[in-house]
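Scroll down for the structure; my scribbles are underneath it.
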Amino acid sequence: MFDDVVVLLIDLDGVLYVEEEPIAGAVEAVERLRGRGVTLRFVTNTTAHSRDRTLAKLARLGFSVAGRELVTPAALAVQHCREQGHQRVALIMNEEVKRDFAELQESADHTDAVIIGDLGPAFGYDVLNRAFRQVMGGAELIALQKNRYWMRADGLSLDVGPFVAAIEFATGREAYVVGKPARGFFDQVLAELGVRAAAAAMVGDDIESDIGGALRAGLAAILVRTGKYREERVRESGIEPTVVVGSIAGVPTLFGC
45 MFDDVVVLLI DLDGVLYVEE EPIAGAVEAV ERLRGRGVTL RFVTNTTAHS
95 RDRTLAKLAR LGFSVAGREL VTPAALAVQH CREQGHQRVA LIMNEEVKRD
145 FAELQESADH TDAVIIGDLG PAFGYDVLNR AFRQVMGGAE LIALQKNRYW
195 MRADGLSLDV GPFVAAIEFA TGREAYVVGK PARGFFDQVL AELGVRAAAA
245 AMVGDDIESD IGGALRAGLA AILVRTGKYR EERVRESGIE PTVVVGSIAG
295 VPTLFGC
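The opening position of the sequence shown corresponds to residue 45 in my numbering, with each subsequent residue numbered one higher.
The structure is reproduced here in structure tokens:
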């Protein structure tokens, strides 16, 4: 079923690693896929770290990933702001990730957009209330991603999505989401490669963001039983992956390698 697939999008957290621990066999799986000639793109909704730090982490854990192969929500958000003419923005994210928005002007007043990423335990009433007021004042609400939760070393934890949803509910405005599962995320990655959706597949652990998003965009979708995978959540979602494997270590066999 993957004979015609020439591009593989691979999620990071929960697929290649969980925090500082690589998934067993992940490094070898990536190299086997490269040897098979499959074009790889490493796509992440992670907004806790800058692009440079994510690349450094991949290298530290043994993954050889070129800068052009990593796709992050920050880069897509900057492009969206450029297209919309947004100059002054509120950045709700940690200081490290703000470096990826250097071409925009961070401002607390008269903002064109409010961009929400990961603040971890720093999320709180004051932060959300300030964002609420800015969006009510006319700023566009932009979410780097809208995942419900993610897997940390100590267990499942709230991701950015619930905080974005709180602002949406309070303001009655829908966020522009640049990360998975937004259709534009997948379309842009494939457009830059000049590949149609039917010739691409996504590997992920999130049944909604990775698998559902990929299927709606026309890609094949490979669900791994690592990271945030939960059988009951998959069953409740009503989403049917193209195939389910134990981990990314089993993906190369789907491509005959």
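Quick reminder that beta carbons are idealized off the backbone N, C-alpha and C, glycines included.
Note that the structure is a prediction, hence the values are computed from the model and not measured.
Pull up the CB-CB distance for residue i and residue j, whole angstroms please, since I reckon it's below 8 Å.
i: residue 221; j: residue 178; result: Incorrect: roughly 18 Å between the Cβ atoms, too far for contact.
i: residue 302; j: residue 286; result: The requested residue 302 does not occur in the structure, where the chain is confined to residues 45 to 301.
i: residue 194; j: residue 55; result: Not quite, the Cβ-Cβ distance comes to about 11 Å (not below 8 Å), so this is no contact.
i: residue 59; j: residue 248; result: 6 Å
i: residue 243; j: residue 50; result: 5 Å
i: residue 46; j: residue 298; result: 5 Å
Leaving out five residues before and five after residue i in sequence, what residues of the same chain have Cβ atoms less than 7 Å from its Cβ?
i: residue 111; result: 99
i: residue 114; result: 86, 95, 98, 99
i: residue 233; result: 53, 85, 87, 115
i: residue 210; result: 172
i: residue 271; result: 57, 58, 59, 62, 195, 249
Select from the options the residue whose C-alpha is nearest the C-alpha of residue i.
i: residue 214; options: 173, 234, 160, 97; result: 173
i: residue 120; options: 72, 228, 56; result: 228
i: residue 274; options: 289, 59, 251, 46; result: 251
i: residue 164; options: 270, 289, 155, 196; result: 196
i: residue 187; options: 159, 166, 167; result: 159
i: residue 134; options: 127, 128, 153, 123; result: 153
i: residue 68; options: 290, 206, 263, 297; result: 290
i: residue 295; options: 283, 268, 169, 276; result: 268
i: residue 105; options: 259, 299, 45, 61; result: 61
i: residue 182; options: 216, 263, 142; result: 216
i: residue 204; options: 138, 71, 255; result: 138
i: residue 141; options: 128, 118, 259, 127; result: 118
i: residue 48; options: 279, 73, 241; result: 241
i: residue 102; options: 124, 125, 70; result: 70
For residue i, list the residues DSSP reports as bridge partners.
i: residue 199; result: 196
i: residue 86; result: 54, 114
i: residue 246; result: 53, 265
i: residue 187; result: 160, 221
i: residue 136; result: 160
i: residue 150; result: 133
i: residue 287; result: 266
Using C-beta distances below 8 Å, list every residue in its chain close to residue i, excluding the 5 sequence neighbours before and after it, in chain order.
i: residue 79; result: 301
i: residue 218; result: 185, 212
i: residue 151; result: 132, 133, 134
i: residue 122; result: 144, 145, 147, 148
In its own chain, which residues sit with a C-beta less than 6 Å from the C-beta of residue i, not counting the 5 before and 5 after it?
i: residue 52; result: 82, 84, 245
i: residue 92; result: 162
i: residue 253; result: 191, 224, 225
i: residue 130; result: 156, 157
i: residue 167; result: 207
The alpha helix (DSSP H) that contains residue i, what's its start and end?
i: residue 139; result: 139-142
i: residue 78; result: 70-79
i: residue 60; result: Where residue 60 is concerned, there is no enclosing alpha helix (DSSP H), given that its DSSP letter is neither H nor E.
i: residue 171; result: 169-180
i: residue 295; result: 295-298
i: residue 278; result: 275-281
i: residue 233; result: 227-237
i: residue 257; result: 257-260
i: residue 98; result: 95-104
Between which two residues does the beta strand (DSSP E) holding residue i run?
i: residue 211; result: Where residue 211 is concerned, there is no enclosing beta strand (DSSP E), although the alpha helix (DSSP H) it sits in stretches over 205-215.
i: residue 109; result: Per DSSP, residue 109 belongs to no beta strand (DSSP E) and is neither H nor E.
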